[in-house]
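Note that this note's numbering has the sequence shown beginning at 216, numbered continuously upward. Yeah, the Cβ is synthetic: ideal placement off N, Cα and C, and Gly gets one too. Predicted model only: the values in this text are computed from it and were never measured. A short worksheet on the structure shown next.
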Amino acid sequence: MPAACLMRVPEGVSLTAAAVATDCVTSPYHALACRGRLAAGERVAVIGAGGLGAMAVRLAKVLGAGQVIAVDLSPVALERAAKLGADECVRTASDEDPALRISHLTQGGADLVIECVGRPDTVSAGVRALRPGGRLVVVGVGMQPPRIDLPQALFCVAELAVLGSFASHIEDLAEVLRLEAGGLLGIEASISHRLPLERVGEGVEMLRTKSGDPQRIVVEMAL
Numbered sequence: 216m217p218a219a220c221l222m223r224v225p226e227g228v229s230l231t232a233a234a235v236a237t238d239c240v241t242s243p244y245h246a247l248a249c250r251g252r253l254a255a256g257e258r259v260a261v262i263g264a265g266g267l268g269a270m271a272v273r274l275a276k277v278l279g280a281g282q283v284i285a286v287d288l289s290p291v292a293l294e295r296a297a298k299l300g301a302d303e304c305v306r307t308a309s310d311e312d313p314a315l316r317i318s319h320l321t322q323g324g325a326d327l328v329i330e331c332v333g334r335p336d337t338v339s340a341g342v343r344a345l346r347p348g349g350r351l352v353v354v355g356v357g358m359q360p361p362r363i364d365l366p367q368a369l370f371c372v373a374e375l376a377v378l379g380s381f382a383s384h385i386e387d388l389a390e391v392l393r394l395e396a397g398g399l400l401g402i403e404a405s406i407s408h409r410l411p412l413e414r415v416g417e418g419v420e421m422l423r424t425k426s427g428d429p430q431r432i433v434v435e436m437a438l
C-alpha cells in the first residue's frame with residue numbers, strides 16, 4: 216500500500232471508530248462539504264436515514280446547517296436521526312411525496328438535499344424539494360437512470376444543480392478523524408453490533424435480511 220494512502224489514527228479516536236470512519240462517515244462528509252458545498256445556516260434534507268444518511272444528518276449539524284430534515288420509511292431510522300440532531304423527521308409512505316413535506320418544513324425548499332437511497336423516485340423527490348439555486352447530491356448507488364421530474368425550462372430558470380458523489384479523499388478522512396477526536400461525531404454510537412471473527416457469516420446474514428435492525432456491524436479481532 217503506498218504510504219500516501221495511509222493515515223495515523225489520532226489520539227482520542229478508537230481503532231473501531233477509525234475503521235467505521237473510512238467509508239461510512241467520510242462518504243457523507245465528502246457529499247456535504249466537497250460536492251454540496253454546505254454553507255452555515257443552510258437548510259438541508261437527507262433522504263434515506265440509514266447508515267450513510269444518519270451520519271449525513273450528524274455531519275450537517277456539525278458543519279453548521281441551520282435546519283436538518285431526515286426522511287425515511289423506517290421509524291427506527293428516524294429515531295436515530297433525531298438523536299443525531301435532525302430538527303424534523305419525515306416518515307414517508309408509498310403514496311406520499313416527501314418533496315412536498317420538505318418544501319413545507321423549509322418554507323420553500325431545501326438549499327441542499329443529500330440522497331442516500333439510490334432510487335429514481337428518491338432522486339426525483341430530491342430535485343423537487345429544492346428551492347431556487349438549490350443542489351441535490353446523489354450518494355445512493357443504483358443501476359437505474361436518475362429521474363428529474365421537472366420541465367427543463369423550470370430546472371434552468373431555478374438554476375438547480377444535480378451532482379454525483381462517490382467515496383472520499385484522504386483529506387476528508389483527516390477532517391472526519393479530527394472531528395471525532397474533538398468529540399463532535401460520536402462514531403462509536405452508530406455501531407449496533409460487535410461480533411467476533413467466527414461469527415462474521417452471521418453478521419453478513421443480518422445485513423442481508425435486516426434482522427436485528429443492524430446499522431453498523433463491526434467484526435472485532437482478538438488481540
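Best match in the options for proximity to residue i [C-alpha to C-alpha]
i	options	result
ALA248	ARG423, VAL328, ASP302	VAL328
THR323	THR307, GLN430, GLY348	In the sequence on display, residue 323 carries Gly and not Thr. Closest option to GLY323, Cα to Cα, is GLY348.
ARG316	GLY355, MET216, LEU365, VAL259	VAL259
ALA255	ALA232, ASP326, HIS319, MET216	ASP326
LEU274	ARG250, THR241, ARG306, CYS304	THR241
GLY251	LYS425, VAL353, MET358	VAL353
ALA219	LEU388, ARG409, THR424	LEU388
ALA280	THR321, ARG306, PRO366	THR321
PRO243	GLN430, LYS298, GLY355	GLY355
Contacting residues, own chain, Cβ-Cβ under 8 Å from residue i (five flanking each side not counted)
i	result
ASP302	GLN282, VAL283, ILE284
ASP428	VAL291, SER407
LEU399	VAL277
ALA376	GLY349, ARG350, LEU351
PRO360	PRO335
LEU230	VAL224
ASP364	SER339, VAL342, ARG343
Backbone CA spacing between residue i and residue j [nearest angstrom]
i	j	result
ALA314	ALA292	19 Å
LEU278	LEU253	8 Å
ALA368	LEU345	15 Å
ASP312	VAL286	11 Å
SER380	THR337	15 Å
LEU392	VAL228	7 Å
LEU339	GLU390	The amino acid at residue 339 is misidentified as Leu; the sequence shows Ser. The alpha-carbon atoms of SER339 and GLU390 are separated by roughly 31 Å.
ALA300	VAL332	According to the sequence shown, residue 300 is Gly rather than Ala. Taking the straight line joining both Cα atoms gives about 20 Å.
LEU288	LEU422	17 Å
HIS245	ALA382	7 Å
VAL272	ALA308	21 Å
GLU257	HIS319	15 Å
GLN430	ALA297	15 Å
PRO217	PRO366	48 Å
Under 8 Å between C-beta atoms of residue i and residue j
i	j	result
LEU378	ARG350	yes
SER405	MET270	yes
ILE385	ALA236	no
CYS239	GLY265	no
Contacts around residue i, its chain only, beta-carbon distance under 6 Å, and the 5 residues preceding and following it disregarded
i	result
GLY341	ILE262, VAL328, GLU330, LEU351
VAL396	Checking the displayed sequence, the identity of residue 396 turns out to be Ala instead of Val. The residues are PRO225, GLY227, VAL228.
ARG295	ALA269
ALA373	PRO347
Cβ distance (whole Å) where residue i is taken to contact residue j below 8 Å
i	j	result
ALA234	VAL433	7 Å
beta-carbon residue i near the ligand NAD non-hydrogen atom, thresh 7 Å
i	result
LEU375	As presented, the structure is devoid of all ligands, the ligand NAD included, so that no description of it is given.
Cβ neighbours of residue i in the same chain (closer than 7 Å, five flanking residues each side left out)
i	result
VAL415	VAL434
MET436	LEU412
GLU417	LEU410
GLY357	GLY333, ARG334
ALA232	GLU395, ILE402, GLU403
CYS304	ALA285, LEU293, ALA296, ALA297
PHE370	ILE363
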